[in-house]
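Have a look at the structure below before the remarks.
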DNA sequence: CTTAGCACTCCCCTAATAAGAGTGCTAATT
DNA sequence: AATTAGCACTCTTATTAGGGGAGTGCTAAG
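Chains as they are written, first to last, in the numbering used here: chain A, 5 to 348; chain B, 5 to 348.
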């Protein structure tokens, strides 16, 4: 779509104005606020052309224009200038990640908190997945005669724990012995490697304690499983009520009902391009109830391996430049924190 | 307030009808649905009296009547019949608690999930607090040269963990030695006992590793602190949109803004009577923005010690009987689970 | 004491009207 | 040939007015 300079300027003005005001944009307001050096009548002619091209549309005969989904797409791809967070905002974001603890729940919580402070959109957070992390230590802590806590530590400093049931009549020594064997055989391996290949090997050494081992492997697998199922965490639901499109309850309900479907959210986040910040606009999301929304997302990684995604969901009228800056920056520091290259 | 039988019947009819319909109740609808054997005119006379007593009120001259805050109070205290959950509902609730793991995050999550499934109100959950739990084991797991995971297990099977920074140049032996000393001295004591009395004692034994000990005690105290600050967890925010009073966005915003203030929620839950299910109606909450809401709450305990509260927040027009049954039942099984008397 | 009957009040829905914003077209201007 | 001033036209939104209806309060009769 080859647009001459002025058409581009008009489209840009319409998108940016509508992002701010959430109202249809009139020719006169463009002439006033963006000095294009032409009269409203000229702008009206350009608008008429842009509408014919499908880049903008008119809510009704005598209203201003609103960007269409292709219009936003054109804007994001060709007109929008990339922005960065202010150094103050970057400081806020870094401060929230300053904790060293890499317990899943903590990291998720601070990430969501950070991102909700930086935007008024709904935050979608997937992962992090342990799949590619190498095991460092497995520890067991007896709790009761028939329960023990299994703690798993990865090379990347990731800590997960879970309570397991033990078969009755298990000596304390047994547990310790198992722990030793597991540590010897599994150290340095990733979880898929553990569960797929070496398992039989270890079973031989531990025939006596097979039942316990089974339980512990169940835990390891459960942890993996959780990550394959990839729970999606949500945040900022209050925030999004600040957006003017959610002034009637029907819109809120519609939003709520569709974000309750985790499967959909997962599918949406999975469409994120691992190599750059991804923007999905309206129908591009490919899911009817989400037609009025957009998602800006970016992956984060541990030591180069993608482990999760941060997404921002908002109305199509999103501040794309800002949303992109936020997810880019937060996935960046999250990757650093998780990879252990923290710069604090 | 001595009400004759018929006045009580009329009040009961008004409250129960309004709880169901959310609309003002007319004399005629009472005569039709509740067979009191009198005409609407007679009921109107009674209503007039009830209004004079302040138990019901009229939104406007030609509307039916709506219960007032004292009216709900009278109903809850004197008219309402206590109900129980159906056995099917009880099964649902128990199933969700069937997991053995007593990791804080898990218990909180299943509790909230359970209660949101049983009601359409907002769920407030405080605690559980470790304050009164006796220590069973402290374990340390080295992660990196300068970080370790500290795991604390209580006699009640409670597990908490946190990552601590270590001073540089600490030998692995040191950590193990500290662990031993701590376990020897602290086993069986509650956290307040630990931090208040014995501390100096242990310090003598561990002069060499004082720095590490300081760090570990910081963690113990942080855990206590967290519980003194008593985080309030929320659930069911979507649920409450089902209530007809929240069909306009202003009501939703009002609700949202006041539940964002954790201090208030904490104060409200703290007013729960530890010996029975507590109902706070409208202005009884003693907080202006909450004047239109009610809270039904009940505490739960570990081995007889109160450790937390479950509350349901909804419009004044709440189904009190049901809400009371829900919090009573869930705090009951929660106490059992936490005290280790699980009956599964 | 109860109740039928009726006037009265107030809400809520609908239709009608006015005001306003913005366009599209035409004709004049550069 | 492109731009623009001017104006008629359209559609929305806000306001007002009126009718219908629900429900009460009062009065007088049972």
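A virtual CB, placed ideally from N, CA and C, is assigned to each residue, including glycine.
Mind checking the segment 256-272 of chain B against chain A and listing, in chain order, the residues whose C-beta falls within less than 8 Å of any C-beta there?
256, 257, 260, 264
Against chain B: residues of the segment 154-187 of chain A by CB proximity under 9 Å:
155, 157, 161, 163, 165, 166, 167, 168, 169
Spatial neighbours of residue 348(A) in its chain, beta-carbon cut-off 6 Å, leaving aside the 5 residues before and after:
Any reading at residue 348(A) must be qualified, since the residue scores a pLDDT of 43, below 50, and its modelled position is unreliable; the value itself is stated next. The residues are 102.
Please classify residue 292(A) as buried or exposed, where buried requires at least 16 neighbouring CB atoms within 10 angstroms.
exposed
Let me check understanding here. Comparing Cα to Cα, which of 19(B), 45(B), 13(B) lies closest to residue 39(B)?
13(B)
Using only the alpha-carbon positions, how far apart do residue 44(A) and residue 24(A) sit?
20 Å
So, is residue 188(B) buried or exposed, given that buried needs 16 or more other C-beta atoms within 10 angstroms?
exposed
Return yes when the Cβ of residue 245(A) is within less than 8 Å of the Cβ of residue 260(B), no when it is not.
yes
Reference residue 158(B); option with closest CA among 279(B), 306(B), 328(B):
306(B)
Let me make sure I understand the geometry here. Which of 120(A), 143(A), 271(A), 328(A) has the alpha-carbon closest to that of residue 238(A)?
120(A)
In whole angstroms, give me the CA-to-CA distance for residue 338(A) and residue 100(A).
11 Å
Using a beta-carbon distance below 8 Å, is residue 99(A) in contact with chain B?
no
Return no unless some Cβ of chain A is closer than 8 Å to the Cβ of residue 347(B).
At residue 347(B) the pLDDT is 46, less than 50, meaning the model places this residue with poor confidence and gives no usable figure here.
In the structure shown, what three-state DSSP assignment does residue 256(B) receive?
helix
Backbone CA spacing between residue 253(B) and residue 243(B) [nearest angstrom]:
15 Å
Cα-Cα separation between residue 113(A) and residue 267(A), rounded to whole angstroms:
21 Å
Please confirm whether residue 116(A) and residue 129(A) have their CB atoms less than 8 Å apart.
yes
Roughly how many angstroms lie between the CA atoms of residue 82(A) and residue 301(A), to the nearest whole one?
19 Å
Can you tell me whether residue 65(B) is buried or exposed, with buried defined as 16 or more other CB within 10 angstroms of its CB?
exposed
Own chain residues within Cβ distance below 8 Å of residue 80(B), not counting five before or after:
283, 285, 324
Quick check on this structure: which residue in 10(B), 140(B), 170(B) has the alpha carbon closest to the alpha carbon of residue 148(B)?
170(B)
Interfacial residues, the segment 235-251 of chain B to chain A, with Cβ spacing under 8 Å
241, 242, 245, 250, 251
Buried versus exposed, by CB contacts within 10 Å (16 or more), residue 335(B):
buried
For residue 328(B): DSSP bridge partner residues:
Beta-bridge pairing links residue 328(B) to no other residue.
Start and end of the alpha helix (DSSP H) containing residue 243(B)?
Unbroken run through residue 243(B): none, as it is neither H nor E.
Min CB distance residue 117(A) to chain B below 8 Å
no
Is the Cβ of residue 143(B) closer than 8 Å to any Cβ of chain A?
yes
May I have the straight-line CA-CA distance separating residue 19(A) from residue 241(A), to the nearest angstrom?
25 Å
Excluding sequence positions up to five away, which residues of its chain have a Cβ less than 6 Å from the Cβ of residue 330(A)?
122, 123
Listing by chain order, which chain A residues have their CB less than 8 Å from the CB of residue 253(B)?
245, 250, 251, 252, 253, 256
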